[in-house]
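>
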Amino acid sequence: MDHAIVFFTSSKTADIVSLSAITGARTINSTVKVRWNRKSYTAKIVLIATKSRCEEKIADVGEDGKLVERFFTVGESTTISESDVLSQRGDEILARENSDRTNADNRELVEQIRLMRLATVGAFRDLDKRMDRMEYRQERQIAALQAEIRELKEQLSCRSAEGEIDNSIFPQDRLEAILSLKHGSLTKFALAVEQEMFEDNPTELLKNVEDRIYSAKKIDYLRKAVFKYFTVSKSSEKSVADGEKCSER
């Protein structure tokens, strides 16, 4: 006796399995674990016999998992007609086909679930990769923007330093007073500031700008003052010290 009829409690179906596939007490009515397609299922042992005997009796397993015994009364003919035999065999074949079909459906369902799990895991992995790539691109963009901001700050800092006016050379309030008196005229403004700056050394006014070696700081101050209050084109920057007119700021 190397086979058994087992009744699966979850699917309510019976099947024939080898005793080696059973884990647990191999006795009738014992609840055991049966290996099927690399998985274990809970089942009850209905009959332990040879494979051929199990094939004969599997059709007698009821929906409750019990084996239905067939008895004959005294005086009842034990002769079974050929039609009854064929009918019984047909019922057995039909029951076996139904059982096989149910088991096949269960196996197909298990396989579909397995494939769905694999597809889900793969989708999450792809999503993680895409998110990593997006995060990397965003980090690079942020780093580039930060570099541009630092560069702009440095440029603004340099321009601010270049445009600073040393008020120790000429009073700021006097500079603004001259600006208001000259009504926005660059030439008049520059000449008025120049004359006051060189009151203590009027001979410097007789020299060309490039020859005023000892008053270079004053000339630089005048240039920055003009650039601060007036818009001067690139082509006119060189001639600002000579008093040429430019557009008002």
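For what it's worth, the numbering used here labels the leading residue of the sequence shown as 8, then goes sequentially. Beta carbons are placed, not taken as given, at the ideal position from N, Cα and C, and that holds for glycine.
1. Of the residues Leu-193, Ser-106, Leu-198, Lys-225, which one's Cα is nearest the Cα of Thr-238?
2. In angstroms with no decimal places, state the Cα-to-Cα distance between Met-8 and Ile-23.
3. Would you check if the distance between the CB atom of Val-68 and the CB atom of Ile-12 is smaller than 8 Å?
4. Measuring CA to CA, which of Asn-174, Asn-208, Lys-214 is closest to Leu-229?
5. Under the assumption that Asn-113 contacts Ser-47 (Cβ atoms under 8 Å), give the Cβ distance between them as a whole number of angstroms.
6. Among the candidates Ser-27, Lys-160, Ile-55, whose CA atom is the shortest distance from the CA of Phe-14?
7. Does the separation of the CB atoms of Ile-172 and Lys-224 fall below 8 Å?
8. For Val-200, collect the residues of the same chain with a Cβ closer than 8 Å to its Cβ; drop the 5 residues on either side in sequence, then sort them by chain order.
9. According to DSSP, is Phe-234 helix, strand or coil?
10. Run through the DSSP bridge pairs and tell me what Ile-21 is partnered with.
Looking at the coordinates:
1. Along the sequence shown, read from residue 1 onward, the residue named residue 238 stands at position 231. It is Leu-193.
2. For the purposes of this step, residue 8 is taken as residue 1 along the sequence shown, with counting starting at 1. For the purposes of this step, residue 23 is taken as residue 16 along the sequence shown, with counting starting at 1. Roughly 12 Å between the two C-alpha positions.
3. To locate residue 68, count along the sequence shown from 1; it is residue 61. To locate residue 12, count along the sequence shown from 1; it is residue 5. For Val-68 and Ile-12, yes; Cβs fall inside 8 Å.
4. Walking along the sequence shown from the start, residue 229 turns up at place 222. Out of Asn-174, Asn-208, Lys-214, Asn-174 has the C-alpha closest to the C-alpha of Leu-229.
5. The count along the sequence shown starts at 1 and reaches residue 113 at position 106. The count along the sequence shown starts at 1 and reaches residue 47 at position 40. Incorrect: roughly 14 Å between the Cβ atoms, too far for contact.
6. Here residue 14 corresponds to residue number 7 of the sequence shown, with the count starting at 1. Nearest C-alpha to Phe-14: Ile-55.
7. The sequence position of residue 172 within the sequence shown is 165, counting from 1. The sequence position of residue 224 within the sequence shown is 217, counting from 1. Contact: no.
8. Against the sequence shown, residue 200 aligns to sequence position 193. Closer than 8 Å at the Cβ level, and outside the excluded window around Val-200, lie Phe-177, Leu-182, Ile-185, Leu-229, Ala-232.
9. Numbered from 1 along the sequence shown, position 227 holds the residue referred to as residue 234. Note: Phe-234 maps to helix in three-state DSSP.
10. As a position in the sequence shown, residue 21 is number 14, starting the count at 1. The question names Ile, but residue 21 is Ala in the sequence shown. Bridge partners of Ala-21: Phe-14.
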